[in-house]
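Trainee: Heads up, the numbering used here is the position in the sequence shown plus 5, with the first residue counted as 1. Following this message is one structure expressed as structure tokens.
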Amino acid sequence: MINVSEAKKDAAFVYQGQKWIVLKQGFVKQARGAGIYILKCRNLLTNGISEFTIKSGENLEEVSIEKKKAQYLYNDGSGYIFMDIDDFSQFEFSENVIGDQKYFLIEGLEYYIMYLDGTAKGVILPPKVDLKVAQAEPGAKGDTAGNAQKEAVTETGYTLRVPLFIKEGDVIRINTETGLYSERAN
Numbered sequence: 006m007i008n009v010s011e012a013k014k015d016a017a018f019v020y021q022g023q024k025w026i027v028l029k030q031g032f033v034k035q036a037r038g039a040g041i042y043i044l045k046c047r048n049l050l051t052n053g054i055s056e057f058t059i060k061s062g063e064n065l066e067e068v069s070i071e072k073k074k075a076q077y078l079y080n081d082g083s084g085y086i087f088m089d090i091d092d093f094s095q096f097e098f099s100e101n102v103i104g105d106q107k108y109f110l111i112e113g114l115e116y117y118i119m120y121l122d123g124t125a126k127g128v129i130l131p132p133k134v135d136l137k138v139a140q141a142e143p144g145a146k147g148d149t150a151g152n153a154q155k156e157a158v159t160e161t162g163y164t165l166r167v168p169l170f171i172k173e174g175d176v177i178r179i180n181t182e183t184g185l186y187s188e189r190a191n
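Take a look at the structure:
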């Protein structure tokens, strides 16, 4: 059993008879009484996304998931192909399993894969990834008051706001949980 406060990103648990994995956790403090946790979760069997509101202090039955390393090979248009590092077998995740994680998958890099009952269920992204800027608008001269930012597109097609000094070809570090620019990686 785990307390709902310990149900952080990538924690697996049973709720309402189904197995879920946490995608995002939020906490709301109420004026009177205990706070509540809002968990955005993915169903490990159907891949459906749901949001649950659970009272603080409630316990959840923990699900044991295994984590193994695999190398991301490529996207063939119908799915994302990975190779198990140990036995070199290949397996595929569909677009609805990967979702927005596709923007942080780089061919040739190794990622941890979640296994439930011997079946691959999802990818665990590192906290930050380095991506090359493929397209960036030039910053306007004199547009430097405060925290001036502009839009940029990475090599994977991800669009985000970056500081004005970032230009095409720069490698930037992006927080995979928030999707925000972290720093220049050069």
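All residues carry an ideal CB built from backbone N, CA and C; glycine is no exception. Computed from a predicted structure; not experimentally measured.
From the DSSP output, read off the bridge partner residues of residue 17.
Mentor: 26
Trainee: On the three-state DSSP scale, how would you describe residue 106?
Mentor: helix
Trainee: Opposite residue 37 in the DSSP bridges: which residues?
Mentor: DSSP lists no partner for residue 37.
Trainee: Can residue 33 and residue 12 be called in contact, C-beta distance under 9 Å?
Mentor: Remark: C-beta atoms of residue 33 and residue 12 do not approach each other more closely than 9 Å.
Trainee: Within 10 angstroms of its Cβ, does residue 166 collect 16 or more other Cβ (buried), or is it exposed?
Mentor: exposed
Trainee: In three-state terms, what does DSSP make of residue 83?
Mentor: Residue state, collapsed to three classes: coil.
Trainee: In whole angstroms, give me the CA-to-CA distance for residue 97 and residue 30.
Mentor: If I take the Cα positions, the gap works out to 27 Å.
Trainee: Between residue 115 and residue 163, is the Cβ-Cβ spacing less than 9 Å?
Mentor: no
Trainee: For the stretch 116-150, which segments carrying the beta strand (DSSP E) assignment without a break, of at least 3 residues, lie completely within its bounds, in sequence order?
Mentor: Listed in chain order, they are 124-129, 133-141.
Trainee: For residue 109, is the classification buried or exposed, using 16 other Cβ atoms within 10 angstroms of its Cβ as the cut-off for buried?
Mentor: buried
Trainee: Quick check: the Cα distance between residue 131 and residue 38, rounded to an integer number of angstroms?
Mentor: One C-alpha to the other measures close to 36 Å.
Trainee: Have a look at residue 141 and residue 169 and give me their C-alpha separation to the nearest angstrom.
Mentor: 9 Å
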